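One structure is given below, encoded as C-alpha cells.
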Amino acid sequence: WGGGSCWVTLRVSGWKSPLTIPGGTRQSPINIQWRDSVYDPFLKPLKISYDPTTCLHIWNNGYSFLVEFDDSTDKSIIVGGPLENQYRLKQFHFHWGAINDWGSEHTVDSKFYPAELHLVHWNAVDYPSFEDAVMEGNGLAVIGVFLKLGARHEGLQTLVDALPAVRHKDTVIEFDEFDPSCLIPSCPDYWTYAGSLTTPPLTESVTWIIKKKPIEVDEDQLEAFRTLLFTSDGEEERRMVDNFRPLQPLMNRTVRSSFQ
Ligand SMILES: NS(=O)(=O)c1c(F)c(F)c(S(=O)(=O)CCO)c(N[C@H]2CCc3ccccc32)c1F
Ligand SMILES: [Zn+2]
23 WGGGSCWVTL
33 RVSGWKSPLT
43 IPGGTRQSPI
53 NIQWRDSVYD
63 PFLKPLKISY
73 DPTTCLHIWN
83 NGYSFLVEFD
93 DSTDKSIIVG
103 GPLENQYRLK
113 QFHFHWGAIN
123 DWGSEHTVDS
133 KFYPAELHLV
143 HWNAVDYPSF
153 EDAVMEGNGL
163 AVIGVFLKLG
173 ARHEGLQTLV
183 DALPAVRHKD
193 TVIEFDEFDP
203 SCLIPSCPDY
213 WTYAGSLTTP
223 PLTESVTWII
233 KKKPIEVDED
243 QLEAFRTLLF
253 TSDGEEERRM
263 VDNFRPLQPL
273 MNRTVRSSFQ
C-alpha cells in the first residue's frame, strides 16, 4: 500500500470506478464539513443562462441517465461564481441510492442525500472541445444540486415521465425544450472546491460548485430513477441504483463558501 500507486476497482452493483487513482490529489466526491468551509467575499454570484432549445435527448448510458445539450454555441452557459470565464452546458445527470438513506456523491457534515444532480459544463473559451477540456485543470465546471425527499417537483416530472423510454442501457429518446435551471434552487449560496470527475477518466479538471439548498422531490420521483437498468435489453436485469463513487480524501484542499 505504501506510497505506491494502487488500483482498486470496486464493483458495486455495476458501478465500476477505481477507488483511488495514482497520484490523485484532488479527487471527488468529498464530504463538505460546513464549519471547515471558508467564506470568500470575492466569490461572485453564479450566473446561469440556459436556452431550452439546445436540449437534445435523454439517454441511458449504463452509468446514469443523462440529458445532453447542443454545445456548439454559447447559448447555454454559466459565468461568475468561482469561474474565470464562461462555461458551456454539455449534459446533466443524476446519482442516487437504492434507498433514501444514501445516493448523493457529496455529503454535508457526513450526511448523504437520496440523490444528487450534476450539470456538466466545459471551458470553450480556452479549449476547442469537451474532450480537450476534460484533460485540463480548469477545463470543467460541474454544478451539484442535492435532492431531498419532500414535495413533488413539477420540473423534474417532465424528465421522470420520459424515463420508461430509456429503461435499458444504450436507449435514447429525443427530448427538447427543457430548461434545467428549473432544477437549480434560487438561493444563491454555494460551496466550491477543486476536484475531479467521479467517473472515468476521473481527471482532475472540475471546479465543483455545490448548491447549499437542496431541491425537493417526492418518493415516486425517486422510485422512478430506481426503475432504470444498468443492463441492456435482453441481458439479465440489474437495477440502476447506488451509482455514486465513494468519498475521496480532502488532502490539501479548502472548500470555500459564497455565504457567511
Ligand atoms: N459525476 S461527473 O460529473 O464526474 C460525471 C458522471 F458521473 C457521469 F456518469 C458522466 S457520464 O457521461 O454519464 C459517463 C461518462 O464518464 C459524466 N460525463 C462526463 C465525464 C467524461 C465524459 C466524456 C464525454 C461526455 C461526458 C463526460 C460525468 F462528468
Ligand atoms: Zn455526476
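If you're matching positions, the sequence shown starts at 23 in my numbering and goes up one per residue. All residues carry an ideal CB built from backbone N, CA and C; glycine is no exception. Only a predicted model underlies this, so the values are computations on that prediction, with no experimental measurement involved.
Per-residue burial, residue i [other beta carbons within 10 Å of its own, 16 or more giving buried]
| i | result |
| --- | --- |
| LYS133 | exposed |
| ARG57 | exposed |
| ILE55 | The identity of residue 55 in the sequence shown is Gln, whereas the question assumes Ile. The residue in question, GLN55, is exposed, as its Cβ has fewer than 16 Cβ neighbours within 10 Å. |
| THR95 | exposed |
| PHE116 | buried |
| ALA155 | buried |
| ASP93 | buried |
| SER151 | exposed |
| GLY161 | buried |
| LYS69 | exposed |
| GLN243 | buried |
| SER208 | exposed |
Whole-Å CB distance - residue i paired with residue j, under 8 angstroms assumed
| i | j | result |
| --- | --- | --- |
| ASN122 | LEU269 | That pair is no contact at about 19 angstroms. |
| LEU171 | LEU139 | That belief does not hold up - the Cβ atoms of LEU171 and LEU139 are roughly 15 angstroms apart, past 8 angstroms. |
| LEU141 | PRO202 | 6 angstroms |
| LEU78 | THR214 | With 8 angstroms as the limit, LEU78 and THR214 do not qualify as a contact, their Cβ atoms being about 28 angstroms apart. |
| ILE231 | GLY103 | 6 angstroms |
| MET157 | SER227 | 6 angstroms |
Own chain residues within Cβ distance below 7 angstroms of residue i, not counting five before or after
| i | result |
| --- | --- |
| PRO51 | GLU127, HIS128, THR220, ARG267, LEU269, GLN270 |
Beta carbon proximity, residue i to chain C, threshold 7 angstroms
| i | result |
| --- | --- |
| SER50 | Of the chains in the structure shown, none is chain C; there is only one protein chain. |
Close Cβ partners of residue i (< 8 angstroms) along its chain, the five nearest in sequence each way excluded
| i | result |
| --- | --- |
| ASP192 | TRP81, ASN82, ASN83, GLY84, SER254 |
| PRO186 | THR249 |
Sequence-distant residues of the same chain with beta carbon closer than 6 angstroms to residue i, five excluded per side
| i | result |
| --- | --- |
| LEU224 | ILE43, SER218 |
| SER49 | The identity of residue 49 in the sequence shown is Gln, whereas the question assumes Ser. Same-chain partners within the cutoff: SER218, GLN270. |
| GLN113 | LEU88, GLU90, VAL142 |
| VAL182 | GLN243, ALA246 |
Closer than 6 angstroms: residue i CB and nearest ligand 3 heavy atom
| i | result |
| --- | --- |
| ASN83 | Here the bound small molecules are ligand 1 and ligand 2; ligand 3 is not part of this structure. |
### Message
At 4 residues or longer, what runs of the alpha helix (DSSP H) sit wholly inside the segment 142-173?
### Response
152-155
### Task
Please list the segments of the alpha helix (DSSP H) lying wholly inside the segment 230-257, counting only runs of 4 or more residues, in order along the chain.
Restricted to the segment 230-257, the alpha helix (DSSP H) segments that are unbroken, complete and at least 4 residues in length are 241-247, listed in chain order.
#### Entry: alpha helix (DSSP H) runs wholly inside the segment 175-215, at least 4 long, in chain order
176-182
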